[in-house]
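Encoded as structure tokens, the structure appears first; notes follow it.
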Amino acid sequence: MPLDTINVFRLFHLLHLIHLGALNHQIITMPTLDPVLPTPEDSKLANEASRNLLPLLGGTEPGVRILLPHEKGEPEETIILPRSAVQLLQNLLTQMARGNAVSLVPQHAELTTNQAADVLGVSRPYLVNELLEKGEIPYHRVGTHRRIAFADLMEYRKKIDERHEEAMQKLANIAQEEGGMGY
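Numbering of the sequence shown is given in numbering that gives the first Met the number 0, commencing with residue 0 and proceeding in unit increments.
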């Protein structure tokens with residue numbers, strides 16, 4: 000079996016175990032913030048796997064049927080994954096194919112200030128002093144340590160992205176009104 004087939008097989012085998020609930024629930028729900036930085040070989044395999052998943056996303060059924068090959072004459076098995084899980088996997092593989100580090104974080108996860116600062120791409124002191132202490136992002140304390148809900152962090156990031164988009168649109172409108180910018 001070619002190397003890429005084996006790696007895709009292992010990935011779908013893991014998805015199948017998750018689907019069956021055969022993995023320890025704690026492993027599935029723990030935040031996985033340590034980014035996985037793909038090797039050049041990983042990027043190449045991820046690119047091929049991402050392209051192979053893309054046609055599966057074109058249907059309208061809520062589930063996607065995936066055929067799992069077995070080694071040494073065992074019968075193949077078909078599993079049905081939620082379309083959203085396959086879309087997530089395809090997006091993850093696309094990012095890996097581009098050489099980007101990826102992390103998987105459950106929506107209900109609580110992050111440390113270091114983790115939250117990394118997600119936002121800001122320094123920890125800026126996060127604490129400018130965003131948390133000034134009430135921009137809600138948090139709570141566990142002992143002396145601050146914890147930020149991942150959902151709250153994503154809500155803040157969405158709000159900031161919307162502000163940036165509005166500012167860019169205003170700049171584009173001004174440039175167009177001026178007429179000399181070539182827009």
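Positions of the beta carbon are idealized from the N, C-alpha and C atoms, including for glycine. Here the structure is a predicted model, which means the values were calculated and not measured.
Contact set for residue i: own chain, Cβ-Cβ below 7 Å, skip 5 residues either direction
{"i": "S122", "result": "A116"}
{"i": "Q94", "result": "V101"}
{"i": "R156", "result": "L119"}
Cβ-Cβ distance between residue i and residue j below 8 Å
{"i": "L67", "j": "E76", "result": "yes"}
{"i": "P34", "j": "G62", "result": "no"}
{"i": "A150", "j": "Q86", "result": "no"}
{"i": "N51", "j": "A96", "result": "no"}
{"i": "A208", "j": "E109", "result": "With the chain covering 0 to 182 only, the question about residue 208 has no answer from this structure."}
{"i": "L56", "j": "Q89", "result": "yes"}
{"i": "S42", "j": "G134", "result": "no"}
Cβ neighbour criterion (16 or more within 10 Å) applied to residue i
{"i": "S49", "result": "buried"}
{"i": "M29", "result": "Low confidence applies to M29: its pLDDT is 40, below 50, so where it sits in the model is not reliable, and the reading given next is rough at best. Flag for M29 reads exposed."}
{"i": "V145", "result": "The amino acid occupying residue 145 in the given sequence is Arg; Val does not appear at that position. Looking at its Cβ environment, which holds 16 or more other Cβ atoms inside 10 Å, R145 is buried."}
{"i": "P137", "result": "exposed"}
{"i": "P54", "result": "exposed"}
{"i": "P74", "result": "exposed"}
{"i": "Q168", "result": "exposed"}
{"i": "P37", "result": "buried"}
{"i": "L126", "result": "buried"}
{"i": "L130", "result": "buried"}
{"i": "L91", "result": "buried"}
DSSP beta-bridge partners of residue i
{"i": "A148", "result": "E109"}
{"i": "I65", "result": "I78"}
{"i": "H163", "result": "According to DSSP, which records beta bridges pairwise, H163 is partnered with nothing at all."}
{"i": "R156", "result": "According to DSSP, R156 bridges with nothing at all."}
Cβ shell of residue i (< 6 Å), same chain only, five flanking positions each side left out
{"i": "I79", "result": "G62 and R64"}
{"i": "A100", "result": "P34 and L36"}
{"i": "E70", "result": "none"}
Cβ shell of residue i (< 8 Å), same chain only, five flanking positions each side left out
{"i": "L152", "result": "L110, A115, V118, L119 and I136"}
{"i": "H139", "result": "R145 and R146"}
is_contact[residue i, chain C] using C-beta, thresh 8 Å
{"i": "R97", "result": "Protein chain content of the structure displayed is limited to a single chain, and chain C is not contained in it."}
Start-end ranges of the beta strand (DSSP E) lying completely within the segment 84–129, minimum 3 residues: 101–103
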